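What follows is one structure encoded as structure tokens, with my remarks underneath.
There are 2 protein chains.
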Amino acid sequence: MKVIKTNKALRGKLAFLRSQGKSIGFVPTMGAFHEGHVSLMRRCVKENDITVVSLFVNPLQFGPREDLARYPRNLKRDIEMASAVNVDFLFVPSLQEIYPEPLSTFVQVGKIGNILCGASRPGHFQGVATVVLKLLNIVQPCVIYLGQKDAQQVAVIKRMIFDLNIPVSVVICPTSREADGLAMSSRNIYLSPTERRDAVVLNKALRMGARLIAFGERDGGKIISKIKKLILEGSSASIDYVSIVEISGFAPVRRISKDVLIVIAVKFGTTRLIDNVIVKVHGK
Amino acid sequence: MKVIKTNKALRGKLAFLRSQGKSIGFVPTMGAFHEGHVSLMRRCVKENDITVVSLFVNPLQFGPREDLARYPRNLKRDIEMASAVNVDFLFVPSLQEIYPEPLSTFVQVGKIGNILCGASRPGHFQGVATVVLKLLNIVQPCVIYLGQKDAQQVAVIKRMIFDLNIPVSVVICPTSREADGLAMSSRNIYLSPTERRDAVVLNKALRMGARLIAFGERDGGKIISKIKKLILEGSSASIDYVSIVEISGFAPVRRISKDVLIVIAVKFGTTRLIDNVIVKVHGK
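Listed in order, the protein sequences are those of chains A and B.
Mapping of the first sequence onto our numbering: position 241 corresponds to residue 235, and the numbering continues sequentially without gaps.
Mapping of the second sequence onto our numbering: position 219 corresponds to residue 213, and the numbering continues sequentially without gaps.
Here it is as structure tokens:
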């Protein structure tokens, strides 16, 4: 595996490989790798001739009061983990490389980026979409691999790719979980031991919501109330949102009649965690 | 020359040609071709293996009170003109092909898109940048050819390409002019015979401004006053703006110390025309 630091060097290598007809797959990350990231890399390596992983902690997607400064960074370990699964190129650009000047041009993501996590984190999805577009333009992959854990990010990026005719396929990989069901996240290391134990309630609550739908409940409001109750009873958490939405458009669903996504964002102490579950609805 | 109507058909043809190592040049247009367009096509044909010209009257860049409905359209003549200079593909997508659904994602162009023409035409440059990015993603050319006539459009697109790392070079071609100096524009056909005669003042005023700078005038304000006076004396025009700006950033220049652009927008009756001149400043 080669660690590459500049756009120019990466483009040079990839232009050559592309001219040889190699397929290029891409996994964008902010580093601090866990099994979730590694599962994306494995799948990308399996499905493409060349796998590019980017590691860039993107300031544009952090709010002024968020955790940019303390976001976990461990390049040495990340290099080992990516290398172990046969990633070809780990692209680790500097801030200067990605933002040589303050941007004038941004991707504006519309309504889908302004609800839920977008409402709690103003500008977050504009920052995500803008950097992902920049990285797509640098790497020019055939396929981009994204994790379902960040469901709204997936929806925003898919919509951007559709709206802007970006020539790339999207593969969504399932959320990797700890043995007790907690969704893997680079932010889990912020949790105190008590918070870590409490955080299991997220997955438990989502599974309960899915079960209610499976057993015939179609009233979104009722399901949301029960999920909130379970979360607040079983932990010291404060709820940012619990919502049931359409899978691609993220429009809120009151009466469930087709497949939906239950999405939640909850704070344990100062740590904000998100999780979601796709619920298939049969007999439509 | 092949006339192509769908993204899919165009992408298919170009993917094949790209795999053969052919270079692809691209000229985006709104049709109603004149010598300005044709000069871009000629240069593109000369410098690339394959020339793609798009012809799409983009509603997104017209304001609600602008001339979208009456914008000149003459596909038959346009096909003949493009064919005559050996364009390979004339891409003429339908509205449905470019906007299958109302967009959620847009390109937000920042300050450079909100001044001058952007102030007079709110949303115009967002519409331009968004459709140009979509077309770039469909065509994936090595080079895009733009006309200097639309100087602010050039600046907005160059900035977008820089900010978003779009893998394309930009070639700017000089403004084509009628024998009497009027910049060629598809909108010139709107002019009444009197307005057409009056419109010559635009180029005259710009040349006077350039001469003042060449003779040592460095006070932007004084030059602008003289240009405005000349335009208002010699015609029935109403001035939208006359400004002296930096060439790439379009920041207004009060004291001229390096190369500048004099840009003007003037209305003759209901027809709004723009023109500009680049003025080199020696002995910096």
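Glycine residues also receive a C-beta, built at the ideal position from the N, C-alpha and C atoms.
Note that the structure is a prediction, hence the values are computed from the model and not measured.
* Asked: For the region 138 to 164 of chain B, which residues have a beta carbon sitting closer than 7 angstroms to at least one beta carbon of chain A?
  -> R153, M154, D157, L158, N159, I160, P161
task = Go through the region 167 to 239 of chain B residue by residue and report every complete run of the alpha helix (DSSP H) that reaches 4 residues or more, in order.
result = 187 to 192, 194 to 208, 214 to 227
Please report the distance separating the alpha-carbon of N1(A) from that of I132(A).
6 angstroms
Quiz item: If we cut at 8 angstroms on Cβ distances, does N279(A) have a partner in chain B?
Solution: It is not possible to answer for residue 279(A), since the shown part of chain A is limited to -5 through 278.
For chain A, is any of its Cβ atoms less than 8 angstroms away from the one on T188(B)? no
Quick check: the Cα distance between G141(A) and G30(A), rounded to an integer number of angstroms? 7 angstroms
State whether the region 189 to 206 of chain B contacts the region 217 to 226 of chain B, with contact taken as three or more CB pairs (one from each stretch) at a distance under 8 angstroms.
yes
How long is the line joining the alpha carbons of I225(B) and S251(B), rounded to whole angstroms? Their Cα atoms are separated by approximately 25 angstroms.
Which residues, in chain order, does the region 86 to 119 of chain A contribute to contact with chain B at a C-beta distance below 7 angstroms? L97, S98, T99, F100, V101, Q102, V103, G104, K105, I106
Next item on the list: Count the other CB atoms, across all protein chains shown, that sit within 10 Å of the CB of K(-4)(B); report buried if there are 16 or more and exposed otherwise.
Entry: exposed
- V79(B) versus R36(B) - alpha carbon distance: 6 angstroms
*chain A residues whose Cβ lies nearer than 8 angstroms to that of L4(B)*: Annotation: L4(B) has no Cβ neighbours in chain A at a cutoff of 8 angstroms; minimum Cβ distance is about 11 angstroms.
Where K128(A) meets chain B, residues with beta-carbon distance less than 7 angstroms
L158, N159
**Message:** Between the alpha carbons of L11(A) and D43(A), how many angstroms are there, rounded?
**Reply:** 9 angstroms
*asked:* Tell me whether the region 81 to 88 of chain B and the region 42 to 56 of chain B touch, counting them as touching only if at least three CB pairs, one residue from each stretch, are closer than 8 angstroms.
replied: yes
Problem - Inter-stretch contact at 8 angstroms, needing at least 3 Cβ pairs: the region 230 to 248 of chain A / the region 166 to 184 of chain A - result: no
- Query: Name the chain A residues that come within less than 7 angstroms of Q14(B), Cβ to Cβ?
  - Reply: Per Cβ cutoff of 7 angstroms: no residues; Q14(B) is ~11 angstroms from chain A at best.
Can a CB atom of chain B be found closer than 8 angstroms to the CB of N80(A)?
It does not: the Cβ of N80(A) has no partner Cβ on chain B nearer than 8 angstroms.
*For the beta strand (DSSP E) that contains R64(B), what are its first and last residues?*
Premise fails: R64(B) is in no beta strand (DSSP E) and is neither H nor E.
Between the CA atoms of K128(B) and D213(A) - distance to the nearest angstrom:
40 angstroms
Q) Start and end of the beta strand (DSSP E) containing A259(B)? A) Following the DSSP letters along the chain, one finds A259(B) inside the beta strand (DSSP E) bounded by residues 254 to 262.
DSSP state of K(-4)(A) mapped onto helix, strand, coil: K(-4)(A) carries a strand assignment under DSSP once its states are collapsed to helix, strand and coil.
- prompt: What first and last residue would you give for the beta strand (DSSP E) that runs through T124(A)?
  reply: Looking at the DSSP string, T124(A) is not in any beta strand (DSSP E); the run it does join, the alpha helix (DSSP H), is 118 to 133.
Exercise. What three-state label does DSSP hand Q142(A) in the structure shown?
Worked result: coil
Contact set between Q134(A) and chain B, taken where Cβ atoms lie within less than 8 angstroms: P161
Q. Going straight from the alpha carbon of H118(B) to that of Q102(B), what length do you get?
A. 11 angstroms
inquiry  = Rounding to the nearest angstrom, what Cα-Cα distance links N68(B) and V150(B) in this structure?
reply    = 28 angstroms
Nonlocal neighbours in the same chain, by C-beta distance under 8 angstroms from I207(B), ignoring five residues either side:
I217, I250, V254, V273, V275
Name the chain B residues that come within less than 7 angstroms of N1(A), Cβ to Cβ?
N159
query: Mind checking A123(B): buried by the 16 CB within 10 Å criterion, or exposed?
result: Residue environment for A123(B): buried (at least 16 other C-beta atoms within 10 angstroms of its C-beta).
Tell me, which residues are paired with D269(A) by DSSP?
I258(A)
Is DSSP giving F10(A) helix, strand or coil here? Helix at F10(A).
Q. Straight-line CA distance for S229(A) to A193(A)?
A. 8 angstroms
Checklist entry - Is the Cβ-Cβ distance between Q146(A) and V257(A) less than 8 angstroms? => result yes
Exercise. Of the choices R71(A), F156(A), S48(A), whose alpha-carbon is the least far from that of V125(A)?
Worked result: S48(A)
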